[in-house]
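In structure tokens:
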């Protein structure tokens, strides 16, 4: 079979104030080769390349009526990230690559006007004040604040999760070089009512790494439950595991607006890089459960918790209100989600408390707004490809709310692209060759050419792997032959009538696989079964010369059918050679659901043409004797 032509062409090294030194002057050292693994390497006494990273404090924005009143101006927070490379003293040359990320672990801000007026702007500049103006998945905007000052940057008003700021950035030097990046978040103060965002908070980490974290999923605290025993309150976290194991848990509790009394002061630590919520003191723990002691039996408390994984990437901060009354509140036990390329469906499993469950509430914007429903199932539809955080809660008939349940930022990893003029789905990041072999290839395309390249499919791509000048064309006016791709198939008259069994056989021809025609034993229709049997026996000694094609009459005024409702036409078949023997046409008739082996009227090997006779809307393929 003539192959179809194709053009389908480690360890966070520093987070917060942590740094990993790659290289040393020791004659014998362990070089990192991946998480949890090392290899001993012997080297000379020459120095090696040294590659280090450094970041500043986490990004923290808290808005209240004092710091954000009319005329107060914008609220900004700035941090930095550095990559520092020193070349060895033997070659005096070094080249490395790194990645820069922003992990937004907590963000409950929302738009107060509309999405054209971003509340939070992100800017990234190098040490020379050169600004990055293009980041995949973010929109660069320019706005004017309440004082008439123009501000430009990326709109991250409602964003959460890991955002790639720089990917595979190269750094090279003959001595020592420092790449420095300044990252600023600015809450814009407009001359409009923005009180909707009062009391809200934004927390983000800057991550710089040799490793790629494009597919990294942070851990998520789904929910928290608390049990009171006397003056002790025990909290338990329900954590949805991410890409990396949790290293530490952090707990805090407050009585109204004050820090609650905690008995063991030796275990209390304040994080110096401000990963924790502002003004609160957190207890560090190795467990997903913690007991607060010496609490008042009659007071209400707010409990907060988050986790940090082995790569120092922070989870969301979960807040839980504990009420001292004897009322039994409804509880959300579990939330399950399913996704398509444009929708997310959430299903709630809950337990009633003192009163029956009355309403269900669903949020897809981090809890800024909720959809009220009488059902424990809700579907968000019409979504774009992207990352979403689902938050749900329920209310009982007495107006009492349950715990909230946070579903980890859900990325619809399905993208849409156009392949041979037809839209298909793919998993984000897969290559075209991977797609060809996957279940997303619903049409059964196959490409076996050695020239196949690993082209990464991107959302919205328009891909054509076949040549623009097809090997088969027709010389006869009023007719056309087109490759049997999905878009052309759907142009066929009555294409809906083709049977699944026949379609499977035709698709198998893409792979040069004629054995599928032997699968006829379970066919109940005697006529069809006998037809498939005869065709299968004939094809035992045949191979496919070309992929399947479609024959159509485009202008009946230029060509007329004979008495058998067939049309005579001439094909240009440029790959016909003298070596080929017994050239035939394997055809499929949509009207009759029958395959047939048709002998050409004439095969002109010298001029590389075939004269044949076929009905309109016929699917056909050229076969010849195996050699």
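In my numbering, the protein residues as written are 3 to 629.
Even for Gly, the Cβ is constructed at its ideal location relative to N, Cα and C.
Reference residue i, options the options, closest by Cα
{"i": "residue 392", "options": "401, 370, 54 and 596", "result": "370"}
{"i": "residue 157", "options": "614, 598, 562 and 138", "result": "138"}
{"i": "residue 76", "options": "301, 148, 140 and 307", "result": "148"}
{"i": "residue 206", "options": "212, 166, 199 and 587", "result": "166"}
{"i": "residue 614", "options": "497, 602, 560 and 595", "result": "602"}
{"i": "residue 303", "options": "255, 526 and 311", "result": "255"}
{"i": "residue 496", "options": "513, 594, 573 and 406", "result": "594"}
{"i": "residue 556", "options": "140, 493, 580 and 565", "result": "493"}
{"i": "residue 356", "options": "341, 333 and 245", "result": "333"}
{"i": "residue 409", "options": "317, 104 and 189", "result": "317"}
{"i": "residue 418", "options": "111, 461, 479 and 190", "result": "461"}
{"i": "residue 586", "options": "119, 574, 592 and 599", "result": "599"}
{"i": "residue 159", "options": "436, 115 and 485", "result": "115"}
{"i": "residue 568", "options": "534, 549 and 591", "result": "591"}
{"i": "residue 57", "options": "310, 154, 140 and 208", "result": "208"}
{"i": "residue 458", "options": "433, 351 and 228", "result": "433"}
Where residue i sits in the DSSP three-state scheme
{"i": "residue 571", "result": "strand"}
{"i": "residue 634", "result": "With the chain covering 3 to 629 only, the question about residue 634 has no answer from this structure."}
{"i": "residue 357", "result": "coil"}
{"i": "residue 143", "result": "strand"}
{"i": "residue 502", "result": "helix"}
{"i": "residue 590", "result": "strand"}
{"i": "residue 325", "result": "coil"}
{"i": "residue 107", "result": "strand"}
{"i": "residue 615", "result": "strand"}
{"i": "residue 202", "result": "coil"}
{"i": "residue 119", "result": "coil"}
{"i": "residue 300", "result": "coil"}
{"i": "residue 507", "result": "helix"}
{"i": "residue 100", "result": "strand"}
{"i": "residue 488", "result": "helix"}
{"i": "residue 362", "result": "strand"}
{"i": "residue 497", "result": "helix"}
{"i": "residue 239", "result": "strand"}
{"i": "residue 367", "result": "strand"}
{"i": "residue 352", "result": "strand"}
{"i": "residue 317", "result": "coil"}
{"i": "residue 85", "result": "strand"}
{"i": "residue 255", "result": "strand"}
{"i": "residue 155", "result": "strand"}
{"i": "residue 50", "result": "coil"}
{"i": "residue 620", "result": "strand"}
{"i": "residue 93", "result": "coil"}
{"i": "residue 330", "result": "coil"}
{"i": "residue 213", "result": "coil"}
{"i": "residue 231", "result": "strand"}
{"i": "residue 372", "result": "coil"}
{"i": "residue 292", "result": "strand"}
Exposed unless 16 or more other CB atoms sit within 10 angstroms - verdict on residue i
{"i": "residue 368", "result": "buried"}
{"i": "residue 632", "result": "Outside the displayed range of the chain (3 to 629) lies residue 632, so it cannot be described from this structure."}
{"i": "residue 62", "result": "buried"}
{"i": "residue 239", "result": "buried"}
{"i": "residue 510", "result": "buried"}
{"i": "residue 336", "result": "exposed"}
{"i": "residue 201", "result": "exposed"}
{"i": "residue 102", "result": "buried"}
{"i": "residue 243", "result": "exposed"}
{"i": "residue 384", "result": "exposed"}
{"i": "residue 330", "result": "exposed"}
{"i": "residue 517", "result": "exposed"}
{"i": "residue 212", "result": "buried"}
{"i": "residue 278", "result": "Residue placement at residue 278 cannot be trusted, given a pLDDT of 34 that sits under 50; what the coordinates show is reported in the next sentence. With 16 or more other Cβ atoms within 10 Å, it is buried."}
{"i": "residue 181", "result": "buried"}
{"i": "residue 612", "result": "buried"}
{"i": "residue 532", "result": "exposed"}
{"i": "residue 28", "result": "Per-residue confidence for residue 28 stands at a pLDDT of 29, beneath the threshold of 50, marking its modelled position as unreliable; the derived number appears in the next sentence. Exposed, because fewer than 16 other Cβ atoms sit within 10 Å of the Cβ of residue 28."}
{"i": "residue 711", "result": "Here the chain covers residues 3 to 629 and nothing more, so residue 711 does not appear."}
{"i": "residue 131", "result": "exposed"}
task = Return the chain-ordered ranges of every beta strand (DSSP E) run that is complete within the stretch 509-569 and spans a minimum of 3 residues.
result = 544-546 and 551-555
task = Please go through the stretch 393-466 and give each complete beta strand (DSSP E) segment of 3 or more residues, from N-terminal end onward.
result = 407-413, 416-421 and 424-429
task = Answer yes if the stretch 222-233 comes into contact with the stretch 121-136, meaning at least three C-beta pairs across the two stretches below 8 Å, and no otherwise.
result = no
key: Inter-stretch contact at 8 Å, needing at least 3 Cβ pairs: the stretch 339-348 / the stretch 283-293   = no
Start-end ranges of the beta strand (DSSP E) lying completely within the stretch 157-197, minimum 3 residues = 163-175 and 178-189
inquiry  = Tell me whether the stretch 557-564 and the stretch 517-529 touch, counting them as touching only if at least three CB pairs, one residue from each stretch, are closer than 8 Å.
reply    = no
request  = Check whether the stretch 290-299 touches the stretch 183-201, counting contact only when three or more Cβ pairs, one atom from each stretch, lie closer than 8 Å.
outcome  = no
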